[in-house]
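Residue numbers (our numbering), protein chains in the order written: chain G, 25 to 136; chain E, -5 to 106.
Take a look at the structure:
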């Protein structure tokens, strides 16, 4: 089955700096790669996703890049703000039944 | 209100007791999922359902039972709770076709 690895597990950046979170996946059949943000006490919420026919996608301060050959994808947050502090999860679809396999999460802390 | 809800939000039970966690969605999404979230493991899939009366095991199904008699409801039952089932449980739904999963607010379960 699919295996998704995520690094780093914790990340601390100063406000205004950029943050990068990286994930690798094992199943070459995966085609859908979402990123979720989870705030304390809440369920994960989709912030951006990318499909295998696209190499990069951007939404304001957030961007995701995908390298299908190397089987890795990354989340880039620019001009970080305190409200970006949360746990971020990457995921990859398993190719069947809309299932997702999640990475183990990255706790991002944006300091003033 | 539209969306996905879970109840109860918090539950304390004792080992050996049966407990049922409820999940309800108002979008008529075909797919529904149950995850558990534990530190260091991210989100792990317990069971999922592609439609009413169709369920299948995920990564960590042992000790859990699900049913789906109606499209909008997907209860998760722990038939005889164990301490290792202490966790935060999230329900999610998706329209399918490799699309976004929408998560509920979670249920924090403690088994004493």
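Ideal placement from N, C-alpha and C gives every residue a C-beta, glycine not left out. Bear in mind that the values here come from a model prediction, so they are computed numbers and not experimental data.
Look at the Cβ atom of residue i, then the Cβ atom of residue j, and state whether they are nearer than 8 angstroms.
| i | j | result |
| --- | --- | --- |
| residue 130 of chain G | residue 34 of chain G | yes |
| residue 70 of chain G | residue 88 of chain G | no |
| residue 105 of chain E | residue -1 of chain E | no |
| residue 28 of chain E | residue 59 of chain E | no |
| residue 43 of chain E | residue 62 of chain E | yes |
| residue 113 of chain G | residue 57 of chain G | no |
| residue 110 of chain G | residue 126 of chain G | no |
| residue 39 of chain E | residue 52 of chain E | yes |
| residue 82 of chain E | residue 98 of chain E | no |
Assign residue i to one of three DSSP states: helix, strand, or coil.
| i | result |
| --- | --- |
| residue 62 of chain G | strand |
| residue 78 of chain E | helix |
| residue 50 of chain E | strand |
| residue 103 of chain G | coil |
| residue 73 of chain G | strand |
| residue 8 of chain E | coil |
| residue 56 of chain E | coil |
| residue 95 of chain G | coil |
| residue 33 of chain E | coil |
Would you list the one or two residues that DSSP bridges to residue i?
| i | result |
| --- | --- |
| residue 19 of chain E | E/-2 |
| residue 86 of chain G | G/83 and G/101 |
| residue 110 of chain G | G/132 |
| residue 48 of chain G | G/29 and G/96 |
If you count every other CB in all the chains shown that lies within 10 Å of the CB of residue i, and 16 or more means buried, which is it?
| i | result |
| --- | --- |
| residue 56 of chain E | exposed |
| residue 73 of chain G | buried |
| residue 123 of chain G | buried |
Task: Three CB pairs or more closer than 8 angstroms across the stretch 12 to 21 of chain E and the stretch 106 to 120 of chain G - done: no
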